[in-house]
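Enquirer: Below is a structure I'd like to ask you about.
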Amino acid sequence: MQLASSGGRRLRHAALAARKLALEAERTVTRRELSAAARDASKALDLRPAQRAVLSELVACWGEQEWERLLVWPSNDYLMSRTGLTERAIRRILRQLIDLQLIAPKDSPNGKRYAVKDLSGQVVDAFGLDLTPIYVRRGDWAVMLMEQKQLREVKKRAFDEVTICRRATEEALSALAEHFPEVDRAQFEGELKTLQARTPARSKVTLPADLLDAWQLLRTRVEEVFYEAGNAGLGVRHINNNNGSPSETCNKGFPTKAEAVRSTEQTSEHLSPELILEACPTLSDFGQPVRDLADIVSAGRYLRASLGAHESAWAEAVEDIGTVRAAIAVIYVLQLYEDDAAKNGGESRIKNPGGYFRALTRMVKSGKIDLAVELLAMRRRRMA
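Counting from 22, one number per residue, gives the positions in the sequence shown under our numbering.
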């Protein structure tokens, strides 16, 4: 900040620039309008608490006079009593507000702040501090706040993308460990821990662009290894754990073998595979036959990862409502998610399908939701 000596107050370029700001002709300003502009300025410039307190007290002194300038003349003693700050702090903050072009000084011959009154006692002028810049620059505050909002959105999207990449990488490594244990994962797991240590918590810190690129690259590499390990998707290998008789039928619908459906879990005709297929056509997209409850359970276990639901969520659902209803709940939530996304232009209102699955499981357990009723209603909507 360049300064020039005036023989009294040190002249600041910011003060001269602020004086050039003027109200529109015949413009009247209320205290509410001035307060709103001051709040926007405080947010846009990220003022410290002490600066906001002083600025708020200056605005509160405005008496809504119909003058060309918005002048106030509180003494330092008054500001000290209202804010609890020392006189030295008050003087420093006033200089800072001048440098920010929020206020402009209007000095009196003796350097004091006071009002000029006519013979009838009416205030006609004053020497003190001019708040006109705060109100005149309200357009600047609006632009700055909009830019800050856009920057926050960019930061949020970057952190969201990191979260997506992290979860996808962890899921791919888990799938590698389950289906292809012979593949060496040590390097990927080391890189994952390194990136996790480098990634800051969600805050005002901007995520480095190279860090986001590193997360995306790691995800791509791990998924590519999983893809290649499955013979490029042409012949996915699996662990043969079918120790039964060769004459017994086996479930070929999904890569994982379903638990045996206990007799206590046999459902009524309202939860038949036919009803589930009619209500949830997304199940047929996988091209695997679904003929009985064992196939439904296989589908539910397989689709659990598509929801982003952790294995613990599946275990909790099986314990609370049984294997069959847990699988049906997975299929039902997946269909809800896809229907909502199709209805809203590709963006579903269900932001966390895995969490939605947990909540649905608990409501089914407590009796607040009947899966049969929900599936029947979904089928009626689809047929309408």
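We put the CB at the ideal spot given by N, CA and C, even for glycine.
Hey, could you find the ends of the alpha helix (DSSP H) K406 is sitting in?
Expert: Shown here, the chain extends from 22 to 405; a query on residue 406 therefore has no answer.
Enquirer: Give every residue of the same chain whose Cβ lies closer than 8 Å to the Cβ of L381, excluding the five residues on either side of it in the sequence, and list them in chain order.
Expert: Result list for L381: A350, Y353, V354, I390, in chain order.
Enquirer: According to DSSP, simplified to helix, strand and coil, what is P70?
Expert: Residue state, collapsed to three classes: helix.
Enquirer: Does DSSP put G251 in a helix, in a strand, or in coil?
Expert: Three-state result, G251: coil.
Enquirer: Decide if the segment 87-98 is in contact with the segment 202-210; the criterion is three or more beta carbon pairs, one per stretch, under 8 Å apart.
Expert: Touching, no, given that fewer than three Cβ pairs across the two stretches are closer than 8 Å.
Enquirer: Does the Cβ of D319 have 16 or more other Cβ atoms within 10 Å, making it buried, or fewer, making it exposed?
Expert: First, the residue type needs correcting, since residue 319 is Ser and not Asp in the sequence shown. Counting Cβ neighbours within 10 Å, S319 comes out buried, since at least 16 surround it.
Enquirer: Take A326 as the anchor and find which of K138, F378, D341, R219 has the nearest alpha-carbon.
Expert: The residue with the shortest Cα to Cα distance from A326 is F378.
Enquirer: Who are the Cβ neighbours of S102 in its own chain at under 7 Å, not counting the five residues just before and after it?
Expert: Around S102: no qualifying Cβ.
Enquirer: Determine the contact status of L152 and W83, defining contact as a CB-CB distance below 9 Å.
Expert: Yes, the Cβ-Cβ distance between L152 and W83 is below 9 Å.
Enquirer: Can you check which of these residues, K214, E108, A193, is closest to R242 by C-alpha distance?
Expert: The option with the nearest alpha carbon to R242 is A193.
Enquirer: Is the beta carbon of A62 less than 9 Å from the beta carbon of W162?
Expert: Yes.
Enquirer: Return the chain-ordered list of same chain residues with a C-beta closer than 6 Å to the C-beta of A281, the five sequence neighbours on each side being excluded.
Expert: Because the pLDDT at A281 is just 45, under 50, the model does not fix this residue reliably, and the point stays unresolved.
Enquirer: Here's the rule I'm using: 16 or more other beta-carbon atoms within 10 Å means buried, otherwise exposed. How should M399 be labelled?
Expert: That one is buried.
Enquirer: If I'm right that Y135 touches L91 with Cβ under 8 Å, what's the distance once you round it to whole angstroms?
Expert: Rounded, the Cβ-Cβ distance is 17 Å, inconsistent with contact.
Enquirer: In chain order, what residues of the same chain have a beta carbon less than 8 Å from the beta carbon of E182, not counting five sequence neighbours either side?
Expert: Result list for E182: L233, W236, Q237, in chain order.
Enquirer: How far does the beta strand (DSSP E) with A136 in it reach, from first residue to last?
Expert: 135-138 is the extent of the beta strand (DSSP E) around A136.
Enquirer: For A81, name the three-state secondary structure that DSSP assigns.
Expert: DSSP places A81 in helix when its eight states are reduced to three.
Enquirer: Would you report the Cα separation of V137 and I124, rounded to the nearest angstrom?
Expert: Rounded to whole angstroms, V137 to I124 spans 20 Å at the Cα level.
Enquirer: Going straight from the alpha carbon of T227 to that of E168, what length do you get?
Expert: The straight-line gap from Cα to Cα measures roughly 14 Å.
Enquirer: Pull up the distance between the alpha-carbon of G149 and that of K64, whole angstroms please.
Expert: If I take the Cα positions, the gap works out to 25 Å.
Enquirer: Which of the three DSSP states, helix, strand or coil, is assigned to P130?
Expert: DSSP places P130 in coil when its eight states are reduced to three.
Enquirer: Just tell me which of A189, A250, K177, G142 has its CA closest to the CA of P229.
Expert: Comparing Cα positions, the closest option is K177.
Enquirer: Using 10 angstroms around the beta-carbon of N262, count the other beta-carbons present and answer buried if the total reaches 16, otherwise exposed.
Expert: Reliability of the predicted coordinates at N262 is poor, the pLDDT of 44 falling under 50, and the value obtained from them is presented with this limitation in mind. It counts as exposed.
Enquirer: Sort out for me which residues DSSP pairs V144 with in a bridge.
Expert: For V144, which the question treats as bridged, DSSP gives the partners K138.
Enquirer: My output table needs one value for L324: the three-state DSSP class, helix, strand or coil.
Expert: Helix, per DSSP.
Enquirer: Could you tell me which residues DSSP pairs with D151 in its beta bridges?
Expert: BP columns for D151 point to L92, A125.
Enquirer: For R312, which option in S293, I371, T303 has the closest C-alpha, if you only look at C-alpha atoms?
Expert: If we check each option's Cα against that of R312, S293 comes out closest.
Enquirer: Would you call the CB atoms of Q72 and Q117 closer than 9 Å?
Expert: Taking 9 Å as the Cβ cut-off, Q72 and Q117 qualify as a contacting pair.
Enquirer: Quick one, which of F247, R159, Q86 has its alpha-carbon nearest V144's?
Expert: Considering only alpha carbons, the answer is Q86.
Enquirer: Identify whether G211 lies in helix, strand or coil by the three-state DSSP scheme.
Expert: Here G211 sits in helix by DSSP.
Enquirer: Can you name, in chain order, every residue of its own chain whose Cβ lies under 7 Å from the Cβ of E108, other than the five neighbours on each side?
Expert: Only N97, M101 meet the Cβ criterion.
Enquirer: Could you spell out where the alpha helix (DSSP H) holding G376 opens and where it closes?
Expert: Segment 374-387, the alpha helix (DSSP H) holding G376.
Enquirer: Of all the options T220, M165, G376, A207, which has the alpha carbon lying nearest to the alpha carbon of T184?
Expert: The shortest Cα separation from T184 among T220, M165, G376, A207 belongs to T220.
Enquirer: Can you list, in chain order, the residues of its chain with a C-beta nearer than 8 Å to that of N373? Leave out the 5 residues immediately preceding and following it.
Expert: Here the set comprises G329.
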